[in-house]
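Working notes for the structure below.
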Amino acid sequence: VVDIRFPAEMIKKYPGPNYGVPGVREMTGVRDRPFLGTIIKPKIGLPAKMHAEVAYEAWVGGVDIVKDDENLASQDFNRFEERLYLTLEKKDLAEEETGEKKIYLVNITSPYRDMIRRAELVQDAGNEFVMIDVVIVGFASLQSYREERFKMAIHAHRAMHAAITRNPRHGINMRTLAKIYRLLGVDNLHIGTAVGKMEGSAAEITSIREEIQMDSVPASDDRFPQNWEGTKSVLAVASGGLHPWHVSAVVDILGKDI
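Position in the sequence shown counted from 1, then plus 306, gives you my numbering.
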């Protein structure tokens, strides 16, 4: 599937992003520059207390956003509830010490009932974001979650997308998936980097960014025109294999709403 065009009647039946780019900027106070974030490494293996400490060190070091790894859900050595509360304590401490707003993207990916339970814990704890591995949970679970009307913004990780998007002979391309995720209502979406180790040309990644951020997308040889009927834009996330020397190129290609 190379593209889908959503008619206006269909778009109006879906909520779209709760916050979108303007809302995320308002929430964070980061108004005129790209966001700087990092992911806790190693991917899995750290106990919750060490995870929280690494997050704290990153925040006081200058990043805006710290994200759980997409593989980290709730393992015996790092239970979700403990990680949530310990990391939020460190977030509060980092905000107090730096005077800056900090964001924690906590991964609630799990079977649906448990995902809702975790989202309730996150909301009760006062966190502004949840992270969901949207390909893994599926369209229906994401739509159902969005309809629950939680207040948190949704950070959408695309883990496992390559099983669907990378074979040119079958599947669904990433731009089409991105359109579906905008319709369903994510606020941030990983789209690739255009530089570094990740697969995807600058033209491909730019076309995905356009589809999730423009209100009206013109037709081209490989895509339909799309009027988004006022649906909020999605913050594009460039992650994977980046280092400081890549930053200038990423911003030149994708702009500041990343």
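Using N, Cα and C, we set each Cβ at its ideal position, and we do this for glycine too.
Beta-carbon spacing of L560, I317 below 8 angstroms | no
Answer yes or no: do A465 and L495 have a C-beta to C-beta separation smaller than 8 angstroms?
-> no
Got a sec, what are the start and stop residues for the beta strand (DSSP E) Y410 sits in?
-> I409 to N413
Buried or exposed by the 16-neighbour rule on C-beta atoms within 10 Å, applied to R424 | buried
Closest by CA to R364, which one among R311, I438, R337 and T404?
-> Note that residue 364 corresponds to Ala in the displayed sequence, not to Arg. Selected option, being the one with the closest Cα: T404.
Using three-state DSSP, classify H461 as helix, strand or coil.
-> strand
For the stretch 340-373, which segments carrying the alpha helix (DSSP H) assignment without a break, of at least 4 residues, lie completely within its bounds, in sequence order?
-> 354-367
Is there contact between the stretch 318-334 and the stretch 453-468, where contact requires at least three CB pairs shorter than 8 angstroms?
-> yes
D338 burial status per 10 Å Cβ neighbour count (16 or more: buried) = exposed
For S416, does the count of other Cβ atoms within 10 angstroms reach 16, so buried, or fall short, so exposed?
-> buried
If you run the structure through DSSP and keep just helix, strand and coil, what is M437?
-> strand
Nearest-angstrom Cα distance between P353 and F383?
-> 5 angstroms
From F530, G502, A509 and V540, pick the residue whose C-alpha is nearest to that of M252; which is it?
-> Past the edges of the chain, shown from 307 to 564, lies residue 252, and the structure says nothing about it.
Strand pairing of N384, partner residues [DSSP] | Q381
C-alpha distance - I442 paired with I346, whole-angstrom precision = 20 angstroms
Would you call the CB atoms of H463 and D439 closer than 8 angstroms?
-> yes
Tell me whether the beta-carbon of A431 lies closer than 8 angstroms to the beta-carbon of L378.
-> no
Can you name, in chain order, every residue of its own chain whose Cβ lies under 7 angstroms from the Cβ of P340, other than the five neighbours on each side?
-> V557, K562 and I564
Is A542 helix, strand or coil by DSSP?
-> strand
Whole beta strand (DSSP E) elements within the stretch 477-545, 3-residue minimum | 494-496 and 541-543
Is L548 helix, strand or coil by DSSP?
-> coil
Among E359, Y325 and P348, which residue has its Cα nearest to the Cα of L394?
-> E359
Sub-8 angstroms separation of D528 and D309 beta-carbons = yes
Would you call W534 buried or exposed, if buried means 16 or more other Cβ atoms sit within 10 Å of its Cβ?
-> buried
Consult DSSP for M466 and reduce its assignment to one of helix, strand or coil.
-> coil
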